[in-house]
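Chains as they are written, first to last, in the working numbering: chain G, 133 to 270; chain U, 87 to 655.
Positions of the beta carbon are idealized from the N, C-alpha and C atoms, including for glycine.
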């Protein structure tokens, strides 16, 4: 099944930039697809790769990880660490037979509501093109 | 609460029509009742109202709730309020979780009520899943250094520093230029006849005479470390460096006047900015012997309200009218034209707009698509403008063209933002925590903002905002100690095998490796320093054995939310 199915996407958003950016999209009433479920974390650097892999093996069609732009991290360098872990996550995805396009790391500042909405739009379309995750059971 | 079975209460907010206008709140309530460990659910018109806070307290007691979930808006603004309500009734404030069904559902899926309702149920399920795993946390206390760092010695910075000093606290002003005053140094008279330079002089004297205000001019900031209550900043002045300790920071770095690249500015010395015109007017260099029938054309919105700077600079309309009236007062025969897009002389300044028209200043509207053009001929400057009322282009021969250059953010804002870990908006101005609820705070505790660093504004508005920032700062400086967030790292000794991967990854050097003898063997384990830890969680994402976690954001708690999002148990 592919095309216009309703993907389930988990977004891990850092408190200081990207979660705030998502709030701003709301304040500005910018409409975006309803497929994303946001989990607030304090920093993209606190997301263990196992959490992302577990999300996929638990049935997520896509996982979006969002942090502050490089240099803007509230904790100095958490997003640089997230960037390195993203490389590890992509390698692990191959082992699990999951297309690496199902995972995306993006930087969204507290002022970038429109950018957050645009990323959600693009990513949702991308996942729709990829089709249902092989791990999704319902 | 430890050891007790969770008893969760869920409060679903209508937020007037903000949520209930899109999301089917009663169906979210019915759904929440089916979730595990949820023992009480209700909906409220406004969950954040005082009445509802009292009601939540009463319900916590009646139903012996030990966890609370509020499904409403963003935790960024409202979590502190609800946590405090829990605390007032004797429940640990960390036994609280929010589902952001307004910013993430009703506001962004306005035309899909069913999808927004289903998503709201998912967000409530995720919040409940996390709430089941929450544990009570204790906040540690940090002693407050009762002094303020004010970055920027312009009007806003000086006003804030004096206000703080008058409250009885020390204030350190750091100014990169060699004297105080900032942009105010260039403003010589106001529409109402006031003389800002005299006021600036008075302010400087007050600051010099106040033993609580310490001024560093010609100074730059190297680093800013620490957190609310206990910051340490390294300054350098004339090659010498100093370190100062302070409890709060006020950002008052000002802004700059746009240096136009259009309308022959910089190529023809008959094209000026309003600020340069003002200098000529006050130093009597306006009438330079060109005869009495001079024509001055002012062009508004230069470097404002365009693609690169979409905002209004707020002061230029009044500034143009101020200078036009001054010209008319000194040489009534001079022709003054103001080419504008919209005149925004808001508040009581509107009467000066009327006065300018009465005195013969000609206002001609132009449209963004047809910006005026300035061309040079052998004798004068020709200004072409398409007048939408006449429906045709007109040409005005001008002796002087004055550009109302916009207010642009300081180019160094981004560097300072990175030092302080605070955001700037898309244009490069500093961004407050919330436009209405926390207008002079940053999201980062203990850091405040005022003046042009925040957005274009008038002198009066800068003064008011500086006083507001100082008042907010005083709420912290008045305390002897302040509670820190409890979301910091904790080592689980049983799981830690001392591999020390977390030691290197910690940006704050808050983790150390311990080695000790136990039962005749060398044991290794890490230890975290809670005062140095800021809770970023780089350690927990690095640990291969779940041996270190961030309280309130543990891997298990995050995983429970993800599983709930995906509908798996």
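Under the Cβ criterion of 7 Å, residue 534/U is not counted among the residues facing chain G.
DSSP places residue 123/U outside both helix and strand once states are collapsed to three, so it counts as coil. Look at the beta carbons and you see the region 191 to 200 of chain U not touching the region 218 to 233 of chain U: under three pairs across the two are nearer than 8 Å. According to the DSSP secondary-structure assignment, residue 139/G is paired through a beta bridge with no residue. For the set 530/U, 421/U, 305/U, the Cα lying nearest the Cα of residue 443/U is the one of 421/U.
In the structure shown, residue 400/U falls within a coil segment according to DSSP collapsed to helix, strand and coil. Nearest CB-CB separation between residue 240/G and chain U: not below the 7 Å threshold. Contact between residue 333/U and residue 230/U holds, with the beta-carbon distance rounding to 5 Å and staying under 8 Å. Chain-order list of chain G residues neighbouring residue 618/U: empty, with the shortest C-beta distance near 12 Å, by a criterion of under 7 Å. Collapsing the DSSP output to three states places residue 163/G in coil. Taking 7 Å as the upper bound on Cβ-Cβ separation, chain U lies near residues 191, 192, 203, 204, 206, 207, 208, 209, 210, 213 of the region 191 to 216 of chain G.
DSSP, read as helix, strand or coil, puts residue 229/U in strand. Taking C-beta separations shorter than 6 Å and ignoring five residues to either side along the sequence, the partners of residue 363/U in its chain run 409, 488, following chain order.
Around residue 183/G, the beta-carbon contacts reaching into chain U at under 9 Å are 627, 641, 644, 645, 648. Beta-bridge analysis with DSSP links residue 167/U to no other residue.
CA-to-CA, the gap between residue 307/U and residue 299/U works out to about 18 Å. Rounded to whole angstroms, the gap between the alpha carbons of residue 360/U and residue 397/U is 19 Å. Along the length of the region 316 to 353 of chain U, whole beta strand (DSSP E) runs at least 3 residues long occupy 316 to 323, 326 to 332, 334 to 337, 341 to 343, reported in chain order.
The C-beta of residue 511/U comes closer than 7 Å to at least one C-beta of chain G. Annotated three-state conformation of residue 206/U is helix, per DSSP. Restricted to the region 591 to 633 of chain U, the alpha helix (DSSP H) segments that are unbroken, complete and at least 4 residues in length are 624 to 628, listed in chain order. Against chain G, the beta carbon of residue 133/U has no neighbour under 8 Å; the closest one sits roughly 17 Å away. The beta carbon of residue 245/G does not come within 7 Å of any beta carbon belonging to chain U, so the residue lies off that interface.
Residue 567/U has 229/U as its beta-bridge partners, per DSSP. Per DSSP, the continuous beta strand (DSSP E) segment holding residue 423/U begins and ends at 421 to 426. Taking the beta carbon of residue 173/G as reference, the chain U residues within 8 Å of it are 623, 639, 644, listed in sequence order. In summary, no residue of the region 93 to 122 of chain U has a CB separated from any CB of chain G by less than 9 Å. Within its own chain, the residues whose Cβ lies closer than 6 Å to the Cβ of residue 587/U, once the five positions on either side in sequence are excluded, are 628, listed in chain order. In the structure shown, the three-state DSSP call for residue 243/U is helix. Neighbourhood of residue 195/U in chain G, by CB distance below 9 Å: 163, 164, 165, 166, in chain order. Taking C-beta separations shorter than 6 Å and ignoring five residues to either side along the sequence, the partners of residue 202/U in its chain run 108, 109, 191, 192, 195, following chain order.
A distance below 6 Å between beta-carbons, with the five flanking residues on each side excluded, links residue 384/U to the following residues of its chain, in chain order: 406, 424, 488. Taking 8 Å as the upper bound for CB-CB distance, residue 493/U and residue 343/U are in contact here, some 7 Å apart. At a cut-off of 7 Å between C-beta atoms, residue 223/G does not count as an interface residue with respect to chain U. Of the candidates 584/U, 182/U, 599/U, 503/U, 182/U places its Cα closest to the Cα of residue 152/U. Your pair residue 141/G and residue 194/G checks out as a contact, with CB atoms roughly 4 Å apart and the cut at 8 Å.
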